[in-house]
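Enquirer: Chains G and H are the protein sequences, given in the same order.
Reading the first sequence from the start, the letters are residues 1 to 891 in UniProt numbering.
Reading the second sequence from the start, the letters are residues 1 to 530 in UniProt numbering.
We treat Cβ as the ideally placed atom computed from N, Cα and C, and that holds for glycine.
Since we're looking at a predicted model, the values are computed, not measured.
Here you go, one structure.
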Amino acid sequence: MGKVPKKHSVADKVRKVKTSAEIKNNPFEVKINRKKFDVLGRKSKHDVGLPGVSRSKAINKRKETLLKEYRQKNKSSKFIDRRFGEYDSKMAPEEKILQRFAMERQRAIEKKDMYNLNEEEELTHYGQSLSEMEKFTDMVNSDDESEEKGRLSAELTASHFGGGGGLLRKKSAGEHPDDDGGPKAKSRQELIEELIHKSKQEKRERQVQKEEAQELTEKLDHDWKSIQTLMVRKKPKAQRDETPVEKPKLEEYDKMVRELGFEMKAQPSEKMKTPEELAREDREKLQKLEADRLRRMMGDEEPEVAPSRSHVSADDLHDGFILDKDDKKTLAYQDGKWNLDEEPVENGAKGEEEEEEEEKVGGGSNEEVEEEEEEEVGGGSNEEAEEEVDDASSEEEEEKDDEEEEEEEEEGEKEEDGHSDLESERESEEEEEDEEVKPEKSKEERKAQQEAAKAELPYTFTVPESANDLEKLLCGHTPDNQRLIMARTQKCNHPSLAVGNKLKLQKLVGLLLDYLGELACRSPPELTTIDKLIPEVYSLCQMFPQAACKSMQTILGDAAHSMEEVLEVKGNAAFPTLDVLIYLKVAALLFPTSDFRHPVTTPALLYIGQALTKCPVRSLEDVTSGLVLCCLAVEYVSFSKRFLPELINFLSGTLHLAVRDKTSAGYSVVPPFRSAGKHSDLLVLSDPESWKSWSRKTLPLSATQQLAFKNDVHADHYRLTCVYTCMELLSKCCVLYKDLVCFTHIFQPITALLSQHLSFTLLTEPLKELRTAILEVLGAAPLARSRLVFNKKKPVPLKLFTPKIVQVLDYGKKRGQTREQKEEHRLRHKYKKEFKGALREIRKDTRFLASEKLDDIMRRDAERKRKVKELFGSLATQEGEWKALKRRKRK
Amino acid sequence: MAPSHKRNVKLGKLSKPSVKIAKIDLNSTVDNILESKKHANDVFDVFEFLQSEREKDVITAVEACSNLFSTLLERKELFKGKLPAEDDALSGECSAEDKYHIFIRHRYNNCVEMLLEHLSHELHAIQEASLCCLMKFAAAEGQHPLEDLDWSEHYSFPRELMQAIVDRLLSRTMDKSLLISRFHEFLEKDDIRYYVMSSIRENVGKVMDKSKGEVMPVYQHNVFTLISNISMPKEESELSNFMVKQEAKHEHWKAAKLIEHKRTFERMWLGFLKYKLPGNMYKKVLVILHDAILPHMSKPTLMIDFLTAAYDVGGAISLLALNGLFVLMHEHNLDYPDFYKKLYNLLEPSIFHVKYRARFFHLANLFLSSSHLPVYLVAAFAKRLARLALTAPPTALLIVLPFIYNLIRRHPSSRVLIHKPSAEDEPLEDPYLMDEDDPAQCHALESSLWEIKTLQRHYHPDVAKTATLINTPLSQKEDDISEVLEITTFELMERNLKQTLTKSIPLEFEAATQLLSVGKDVMGQHFCLE
């Protein structure tokens, strides 16, 4: 019996089944197990046994299971009734039928897809779909209830008080007669059938009535219309008054129920798009735009699309804005009026305005135009955004704007709310032409369009594979376009769109970073381009942190390595070039600066510190570079407020450069500065009076590379700006480091410099103010501090001598074992027991089977014997008869 | 034997023979000269080439000369002894043989002079060729001395020639370091080294006396390059490599004795250091002093004057002098008064930035490793270092912090600097006097190391971590600072760069829109994109 699912043996099962009292009390059946010792308090389960009963039970069980299996042994086919509850003897047959019916219904309405929110089962009311009813198409239907005036219909009551499905209710109704023990003449099934039949019939009748009523109403309406004109003069009120009288007033509660029933359920809005889908959409959009552009470049005519102005519902979310090409205005009120009529006028006016402005600046340089355009674009799109119910992000807007341009070109509509910078001029020309020869496109126009398309940016790009490719791709474009190119490249080659894209874009991160450095190295450095490309770098970095981190690390590592090499040879190095400064800044933009340890920013900060200590200041350019580094350093530590000694050293050294008289001490300067020497007067004003004409300015970044001054005053102004920047940074540092224990000691040289040495240099108002502010902060810092002590440690508890109490749960068993050992013992014991039990069972099984087989054989033999006997008997009678016949014949 | 000028004229007419031809010519001429005395006058042809403008001509000529005269020297065809004037000899009545010898000797002298001139030639190749040639002559002369060797104390070594070469090498106007480095190859020979050293001493004495206390940077640089690279033998047995083999009286020869070598070496250095040196020369000398000079001197204590003077100069020079002083104190029982006070005063902000930082801390560690130092001194050092650490770069901080910890560990009574629980709780001003020169008076023991507390906020994670060690009692084991002594910023960076590339990299969550934003970042407030 290897099939027994539980570990309990058959004997156990048998024991559990209650045996009848007669048998129990029959002394011939009972076997008493003799106990050797009586143990108090121990309950023995097996002191009395019923061996006969249990044996017979075991045999019966075997007959039910093992024997059946044995009989079925070599047979492959089998009939299984899978109907619900078929083998459950406890269930009443009616119940079975009911359950089956319920299950059937349930299966029918069961949802196909668990997560599919869209395909909801259709809810019905009287066999009509609720969704259709929501539309209130058939007004007559709603009059149903009025037919039975005043009385609540059964259905209504049911819907109010039933609480559950109709089935339940019906069942309970049907059950009553059963309980009463009344005549069971009608079975349940019949009852239900009857019910269904009845309701169907009722319904049919009602339908017929309704149709008749409707016909009548229509007829009445028709007649009414014909006589309406005649009745206008008469009191129409009388008629109207009648209706409320006829209809019973709807009660508040009913209204509520209705409302709740018909209340719009939360409809699933358009599915949230996964990033992959978005990316695909973006790419498709760009591809489409590109195809358009190419087509126009080839000079093909656009299929004419009538600019039909169809209004959209105010609730339209513009979800499918990609698909509808014309920019439809939503129907909405504006200042209490339709926006329908006014808009074209408004747009026209705006367009003209823009045109005028464009013409004005038309003669100017390209860049100016761009700037102007940008401003206007901003303004225009804002207005638009107000008008439209459109919450698209700025980027989307940009894209959309691009789309709109194309439309404009064909339609000649004065609806400009944005366009790429390059075409603006051309477009305006085009528009002028359009005004004159609108109906058909002239040749010139088409040509112009071609040119415009050529000048326009392509919409799809392949990812550049090398630095050269990237440069080729970007060179010759304006900063804004370069940004656009990079953005489009990213979109077209989103990693989810193709397999190799990820690698390509990862490579692009490094290339782009290199390109930034290269831009910074040009003379003059193209910082605006860098500025524009920053968001792209950022988004790429967000996509591929590993790659960005790696390339940034290589850049920083290379810079540090080259500096280290120079340092080893010469002992000091030149200040880092502009590209390195830019990289440091970019690193701060891309990675968090406040981390305790970060694979990029920590080395970057180290590099800054190194540069501030090892690079001697030999010129004003060096001063500027140093100040840039200081700014970066302040930025890096502004969140974490970490202490950067090099920063304070450099700032105090810079102030020292402005001191006229270097002899007086009171502070010490730290390398790379020297207390006196060749370059230690860099920031001393050549003309002490030049401060009078100075005003605050920001320093240009290019000044780190080269500086040229028209005259001494100019140079002096530059010096003053440097000093000012330095002091500003110092005041920031004061705030940052205010909480440090050694604040005063750290700032001691600065206190000395500001209070004693620079008092007469800092004459201008802003400088004076800064100086007093810094000195105030320094003066306010507390000098006293409490002594250092070690952190308090948790006291180590003393050793105690109270005995340790261990709870012993199993007396009389082996002690001193660990829990695992005990468990092992227990399991081993159990295994042994079970094994023995199983062995015994198997033996019994085989014995049983053998006896059955023997039985079979015996039965078969007996049968055979019987048959043989029979045959012999018949033969004997035959023979006897034959002999008797013979004898008779003979006779 | 035709008159020489005629020959010269003839040669002058020969217009620019190609180099190859010149070489063949020269070789054949040399062969001719060597073959028979008839062609002796062809020597002038060679000299003509020697003085030509073209580099290759000169070099071939130098080779030819070296060939010619070394063969002649070997054949002993040069006049020995005191040389009579050429005209006298030619007109005088001696044998034709003698006359020939005298003539050749004169030509030899001319040649040597020309080669010496060439040592100052602007082309290095020529300088080098000439030097090699001269050294070949010197070797040949050593084997076949041109002087009469009658007296016992005269050893056959061409001292005059050597002196002349050294004089030329130690130029007052030209940087000869390249040639000198070539010359060092010859200094492998022990006797050459010995004689060169004494020649240098003579030369230095002569030249510097003339300059009357002025520094002569180029000259002194030359001298330094020459003498700093002299590698002295360590043991007597190493003295076996001689250029001139002395047949007899070997054991009395000075050049064969180590003690004599040492003496000459010592005299040479003292002679050099006696005069005022340019600033960077001081540093260079001090850098090599302890391992290249002091061990090879017979009486190293003679250096004490120089070292004390250097120690008093201050700054980096003092730091470097420490090393020499240490050797003297350690191995030669030098007693230096107020040594620790001076050491204390050496601690300035610049020690963290100078090149010799590692060496200084290594030595300071040695000096302060004594357990017999008074606590006030140790505390003063610890406090001063901590104060200076406020201006130090991270690489220096990684040295200084363990250094201070080690001090505190060695002298447990100085633990009050980081742990003073018994004192009243009210805060107090730092009683330490930074400007006090005397470590005994600076009240360091009454202070606490708040500076290290400050450094717990240092930007570099390693430094900040090290600084937090003072929050708990220090471990017993001393930190080994030798491994951080030579660390550079780049190495520190690389540690961070190599780390954690596998983990995810944290990113800035605030989207960057532009390079400099005026509102937020500090850089945007002060700089613009121009």
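Indicate the three-state DSSP secondary structure (helix, strand or coil) for residue 93 of chain G in the structure shown.
Expert: Here residue 93 of chain G refers to the residue found at position 93 when the first sequence is read from its first residue. Reduced to three states, the DSSP call for residue 93 of chain G is helix.
Enquirer: Can you list, in chain order, the residues of its chain whose CB lies under 7 Å from that of residue 43 of chain H, leaving out five sequence neighbours each side?
Expert: For the purposes of this step, residue 43 of chain H is taken as the residue at position 43 of the second sequence. Here the set comprises 33, 107.
Enquirer: Hey, is residue 540 of chain G's beta-carbon within less than 8 Å of any beta-carbon in chain H?
Expert: Residue 540 of chain G sits at position 540 when you count from the first residue of the first sequence. Answer no: the Cβ-Cβ gap between residue 540 of chain G and chain H never drops below 8 Å.
Enquirer: As a quick exercise: from H:312, H:324, H:193, pick the residue whose alpha carbon is nearest that of residue 285 of chain H.
Expert: For the purposes of this step, residue 285 of chain H is taken as the residue at position 285 of the second sequence. Closest option to residue 285 of chain H, Cα to Cα, is H:324.
Enquirer: What are the residues in the segment 620-650 of chain G lying within 8 Å of chain H by C-beta distance?
Expert: 627, 628, 631, 632, 634, 635, 636, 637, 638, 640, 641, 642, 643, 644, 645, 646, 648, 649
Enquirer: Determine the burial state of residue 316 of chain H: buried for a count of at least 16 other Cβ atoms within 10 Å of its Cβ, exposed for fewer.
Expert: What you label residue 316 of chain H is simply residue 316 of the second sequence in a count that begins at 1. That one is buried.
Enquirer: Exposed or buried, what is residue 565 of chain H when buried is set at 16 or more other beta-carbons lying within 10 Å of its beta-carbon?
Expert: Because chain H in this structure spans residues 1 to 530, residue 565 of chain H falls outside the shown range and cannot be described.
Enquirer: Between residue 171 of chain H and residue 177 of chain H, what straight-line distance do the alpha-carbon atoms span, to the nearest angstrom?
Expert: Within the second sequence, residue 171 of chain H is the residue found at index 171, counting from 1. Within the second sequence, residue 177 of chain H is the residue found at index 177, counting from 1. Going by the C-alpha atoms only, they are around 10 Å apart.
Enquirer: Spatial neighbours of residue 118 of chain H within its chain, please: C-beta separation below 6 Å, excluding the five flanking residues on both sides.
Expert: Counting from 1 along the second sequence, the entry for residue 118 of chain H is found at position 118. Excluding positions up to five away in sequence, the list reads 126, 130.
Enquirer: Pull up the distance between the alpha-carbon of residue 314 of chain H and that of residue 529 of chain H, whole angstroms please.
Expert: To locate residue 314 of chain H, count along the second sequence from 1; it is residue 314. To locate residue 529 of chain H, count along the second sequence from 1; it is residue 529. One C-alpha to the other measures close to 46 Å.
Enquirer: Which first and last residues belong to the alpha helix (DSSP H) in which residue 261 of chain G is found?
Expert: By 1-based counting over the first sequence, the position of residue 261 of chain G is 261. It spans 252-262 - the alpha helix (DSSP H) in which residue 261 of chain G sits, taken as one unbroken run.
Enquirer: Which chain H residues sit within Cβ distance under 7 Å of residue 698 of chain G?
Expert: The count along the first sequence starts at 1 and reaches residue 698 of chain G at position 698. Simply 526, 527, 528.
Enquirer: Run through DSSP, which three-state label would residue 300 of chain H get?
Expert: If you number the second sequence from 1, residue 300 of chain H lands on position 300. Secondary structure of residue 300 of chain H (DSSP, three-state): helix.
Enquirer: Would you report the Cα separation of residue 516 of chain H and residue 679 of chain G, rounded to the nearest angstrom?
Expert: In the second sequence, residue 516 of chain H corresponds to position 516, counting from 1. In the first sequence, residue 679 of chain G corresponds to position 679, counting from 1. Answer to the nearest angstrom: the Cα atoms are 31 Å apart.
Enquirer: Please give me, in chain order, every unbroken run of the beta strand (DSSP E) with length at least 3 that falls completely inside the segment 792-866 of chain G.
Expert: none
Enquirer: What residues in its chain sit with their C-beta under 7 Å from that of residue 203 of chain H, if we drop five residues either side in the sequence?
Expert: Locating residue 203 of chain H in the second sequence gives position 203, counting from the first residue. Correct list, in chain order: 166, 167, 170.
Enquirer: Can you name the start and end residues of the alpha helix (DSSP H) that residue 60 of chain G belongs to?
Expert: Looking up residue 60 of chain G in the first sequence gives position 60. Its alpha helix (DSSP H) spans residues 51-64.
Enquirer: Specify whether the segment 731-743 of chain G and the segment 632-646 of chain G touch according to this definition: at least 3 beta carbon pairs, one from each stretch, less than 8 Å apart.
Expert: Flag = yes, the segment 731-743 of chain G and the segment 632-646 of chain G touch.
Enquirer: Would you give the residue range spanned by the alpha helix (DSSP H) that residue 636 of chain G belongs to?
Expert: Position 636 of the first sequence, counting from 1, holds the residue named residue 636 of chain G. First-last of the alpha helix (DSSP H) with residue 636 of chain G: 620-637.
Enquirer: Please compile the residues from chain G whose C-beta is within a distance smaller than 8 Å of the C-beta of residue 280 of chain H.
Expert: Working through the second sequence from its first residue, we reach residue 280 of chain H at position 280. Simply none; closest approach about 11 Å.
Enquirer: When you compare the CB of residue 583 of chain G with every CB in chain H, is at least one pair closer than 8 Å?
Expert: Position 583 of the first sequence, counting from 1, holds the residue named residue 583 of chain G. Taking Cβ atoms only, chain H never reaches closer than 8 Å to residue 583 of chain G, which makes this a no.
Enquirer: Measure from the alpha carbon of residue 376 of chain H to the alpha carbon of each residue in H:401, H:438, H:397, then state which is nearest.
Expert: As a working note, residue 376 of chain H is residue 376 in the second sequence. Selected option, being the one with the closest Cα: H:438.
Enquirer: Grab me the residues of residue 224 of chain H's own chain with a C-beta within less than 8 Å of its C-beta, minus the 5 sequence neighbours each way, in chain order.
Expert: Indexing the second sequence from 1 puts residue 224 of chain H at position 224. For residue 224 of chain H, where only same-chain residues beyond five positions count, the Cβ hits under 8 Å are 272, 281, 284, 285.
Enquirer: Could you name each continuous alpha helix (DSSP H) segment of 4 residues or more that falls completely within the segment 405-463 of chain H, going from the start of the chain to the end?
Expert: 450-455
Enquirer: With DSSP run on the structure shown, which of helix, strand or coil describes residue 476 of chain H?
Expert: By one-based count along the second sequence, residue 476 of chain H stands at place 476. Here residue 476 of chain H carries a coil assignment [DSSP, helix/strand/coil].
Enquirer: Please list the partners that residue 504 of chain H has in chain G, where partner means a Cβ-to-Cβ separation under 9 Å.
Expert: Locating residue 504 of chain H in the second sequence gives position 504, where the first residue counts as 1. Those are 545, 546, listed as they occur along chain G.
Enquirer: Going by DSSP, what residue range makes up the alpha helix (DSSP H) through residue 113 of chain H?
Expert: If you number the second sequence from 1, residue 113 of chain H lands on position 113. First-last of the alpha helix (DSSP H) with residue 113 of chain H: 96-118.
Enquirer: Residue 742 of chain G by DSSP, collapsed to three states: which one?
Expert: Taking the first residue of the first sequence as position 1, residue 742 of chain G is located at position 742. For residue 742 of chain G, the secondary structure class from DSSP, reduced to helix, strand or coil, is coil.
Enquirer: Whose C-beta lies closer than 8 Å to the C-beta of residue 715 of chain G among residues of the same chain, with five residues either side of it excluded?
Expert: Counting from one through the first sequence, the residue named residue 715 of chain G turns up at place 715. Around residue 715 of chain G: 620, 686, 709.
Enquirer: Please confirm if residue 610 of chain G has its CB atom under 8 Å from at least one CB of chain H.
Expert: The sequence position of residue 610 of chain G within the first sequence is 610, counting from 1. At least one chain H Cβ lies under 8 Å of residue 610 of chain G.
Enquirer: For the segment 783-796 of chain G, which residues have a CB atom closer than 7 Å to at least one CB atom of chain H, in sequence order?
Expert: Flagged, chain order: 783, 784, 785, 786, 787, 788, 789, 790, 791.
Enquirer: How about residue 521 of chain H: is its C-beta nearer than 8 Å to some C-beta of chain G?
Expert: Position 521 of the second sequence, counted from the start, is the residue given in the question as residue 521 of chain H. Output row for residue 521 of chain H: interface = yes.
Enquirer: Of all Cβ atoms in chain G, is any one closer than 8 Å to the Cβ of residue 411 of chain H?
Expert: Residue 411 of chain H sits at position 411 when you count from the first residue of the second sequence. Cβ-Cβ to chain G under 8 Å: no for residue 411 of chain H.
Enquirer: Measuring CB to CB, does residue 394 of chain H end up less than 8 Å from residue 606 of chain G?
Expert: As a working mapping, residue 394 of chain H is identified with position 394 in the second sequence. As a working mapping, residue 606 of chain G is identified with position 606 in the first sequence. Yes, they are a contact pair.
Enquirer: Just to confirm my understanding: we take residue 464 of chain G, look at its own chain, exclude 5 residues before and 5 after, and list those with CB closer than 6 Å. What are they?
Expert: As a working note, residue 464 of chain G is residue 464 in the first sequence. Cβ within range, chain order: 470, 473.
Enquirer: Please list, in chain order, all residues of the same chain as residue 283 of chain G whose beta carbon is under 7 Å from its beta carbon, the five residues on each side excluded.
Expert: The residue given as residue 283 of chain G occupies position 283 in the first sequence. Cβ neighbours of residue 283 of chain G beyond the five flanking positions: 491, 492, 494, 497.
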